[in-house]
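Numbering (full-length UniProt numbering), first residue to last: 1 to 354.
Virtual Cβ for every residue (Gly too), placed ideally from N, Cα, C.
Below is one structure, written out as structure tokens; the observations come after it.
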């Protein structure tokens with residue numbers, strides 16, 4: 001295994017046909033046309049696209065959001081037909097009952113224990129969509145990959161009215177990144193000032209993290225740049241840990257002040273005109289937005305810990321069926337015509353094993 005094929009896709013309201021209160025509110029019940037037949041057709045449509053990803057090889061790692069429960073994904077997995085696919089999933093108390101999940105290939109990754117999977121919620125007036133965190137271990141090399149699957153609060157209330165919700169989730173996501181890459185103050189205070197301790201700190205600073213998801217903000221929005229600290233350049237990302245003068249390690253204040261920055265792979269696409277993963281049509285604007293993104297830690301960017309994000313590998317995956325017509329907009333699933341897929345395009349990237 002020389003590369004890991006990664007993808008993320010917002011499946012747009014993938015509910016089962018059980019008449020829950022949430023499904024009723026969103027008109028996903030048999031009485032409202034969301035029948036077993038319609039559900040099965042949408043599942044088949046989604047599975048056909050997933051099989052085509054990465055040149056027909058399919059992803060080794062696939063993040064998903066807007067799925068109602070584990071049973072829905074189990075049906076999707078059955079339709080995809082990959083015997084090596086496994087599901088890492090935890091239900092969350094999302095206000096709409098919609099979760100994030102992660103599918104991985106058992107040929108590539110070891111099965112993560114329960115302690116290495118966690119859903120994180122941000123209580124900001126009500127529980128928002130979760131951040132799903134999974135720590136995976138590569139078979140063979142034993143390299144570690146920390147995955148954060150995100151689905152941030154929508155712009156349903158308006159971009160600026162809902163921005164505080166996304167900022168709250170961005171700050172929590174940044175805290176999770178810090179927890180992977182840094183020691184807490186109490187732990188650091190007990191650390192000896194030795195060369196061995198500095199080597200351990202540097203190794204932790206360079207751990208592999210990949211963030212994927214529907215952030216409901218573009219790469220340039222301040223929730224991403226100022227609160228999550230995901231940058232378009234490497235000025236901050238490239239900084240290594242440095243020992244303080246006359247010490248083997250940084251002072252505790254110097255260490256606590258250091259905030260790890262992420263490299264946002266999505267900027268290579270964001271600079272292109274009329275390029276994005278979701279189309280918004282409204283009175284003020286008709287735009288393609290790049291809400292679906294990949295971001296990586298310093299270690300994963302530079303290949304410091306056995307894995308390396310391949311430069312320039314991120315792409316938006318489309319087929320003629322998914323993006324019909326000259327404008328090539330995403331084609332959402334229509335339960336009346338039984339055609340379409342999602343209002344989001346999926347995104348792909350490659351991680352090399354080094």
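Measure the alpha-carbon distance for residue 265 versus residue 277 and round it to whole angstroms.
14 Å
Quick one: give me the first and last residue of the beta strand (DSSP E) that residue 132 is part of.
131-137
Using only alpha-carbon positions, find the residue among 353, 342, 346 that is nearest to residue 13.
342
By a C-beta neighbour count over all protein chains shown, 10 Å radius and 16 as the cutoff for buried, is residue 182 buried or exposed?
buried
Touch check for the region 229-236 and the region 305-323: three-plus C-beta pairs under 8 Å?
no
Where do the N-terminal and C-terminal ends of the alpha helix (DSSP H) with residue 299 fall, by residue?
It spans 298-302 - the alpha helix (DSSP H) in which residue 299 sits, taken as one unbroken run.
If we count Cβ pairs, one from each stretch, closer than 8 Å, do we get three or more for the region 209-228 versus the region 291-303?
yes
Indicate the three-state DSSP secondary structure (helix, strand or coil) for residue 105 in the structure shown.
strand
Report the partner residues of residue 385 according to the DSSP bridge assignment.
Past the edges of the chain, shown from 1 to 354, lies residue 385, and the structure says nothing about it.
Using the rule of at least 16 other Cβ atoms within 10 Å of the residue's Cβ for burial, across every protein chain shown, is residue 354 buried or exposed?
exposed
Is there contact here, the region 232-240 with the region 325-332, by at least three beta-carbon pairs under 8 Å?
no
Inter-residue spacing [alpha-carbon to alpha-carbon] between residue 191 and residue 197
7 Å
Within a Cβ cutoff of 7 Å, which residues of the same chain sit near residue 76, ignoring the five residues on either side of it in sequence?
Closer than 7 Å at the Cβ level, and outside the excluded window around residue 76, lie 43, 46, 47.
How about residue 113 and residue 88: do their beta carbons lie closer than 7 Å?
no
Anyone know if the C-beta pair for residue 316 and residue 296 falls short of 7 Å?
no
Give a yes or no on contact between the region 102-112 and the region 266-273, applying the rule of three or more CB pairs nearer than 8 Å.
Cβ pair count under 8 Å is below three, so no.
Put residue 82 into one of helix, strand or coil per three-state DSSP.
coil
Leaving aside the five residues before and after residue 202 along the sequence, list all residues of the same chain whose C-beta is less than 6 Å from its C-beta, in chain order.
241
Do the CB positions of residue 60 and residue 110 come within less than 7 Å of each other?
no
Under the three-state reduction of DSSP, which class applies to residue 45: helix, strand or coil?
helix
With a threshold of 6 Å on Cβ separation, who are the neighbours of residue 132 within its own chain once the five nearest residues in sequence on each side are excluded?
100, 119, 149
Same chain, Cβ closer than 7 Å to residue 330, neighbours up to 5 away in sequence not counted
278, 279, 322, 323, 342, 343, 344, 345
Paired residues, beta bridge with residue 315 - DSSP
348
Buried versus exposed, by CB contacts within 10 Å (16 or more), residue 233:
exposed
According to DSSP, simplified to helix, strand and coil, what is residue 50?
helix
Pair within 7 Å by beta-carbon distance, residue 138 and residue 208:
no
Can you list, in chain order, the residues of its chain with a C-beta nearer than 7 Å to that of residue 82? Leave out the 5 residues immediately preceding and following it.
58
With DSSP as the reference, identify every bridge partner of residue 10, one or two as the case may be.
For residue 10, DSSP records a beta bridge to 65.
By how many angstroms is the C-alpha of residue 339 removed from the C-alpha of residue 147?
32 Å
Would you mind reading off the limits of the alpha helix (DSSP H) that contains residue 178?
163-181
Tell me where the alpha helix (DSSP H) around residue 257 begins and ends.
252-257
Can you list, in chain order, the residues of its chain whose CB lies under 7 Å from that of residue 51, leaving out five sequence neighbours each side?
58, 80
Close-in-space but distant-in-sequence residues of the same chain around residue 194 (CB under 7 Å, 5 per side omitted)
248
Please go through the same chain and pick out, in chain order, the residues whose beta-carbon is closer than 6 Å to the beta-carbon of residue 170, but skip the five residues on each side of it.
223, 227, 228
Taking the beta carbon of residue 66 as the centre, do at least 16 other beta carbons fall within 10 Å, making it buried, or is it exposed?
Residue burial annotation: residue 66 is buried, with at least 16 other C-beta atoms found within 10 angstroms of its C-beta.
Within 7 Å, strictly: CB atoms of residue 299 and residue 206
yes
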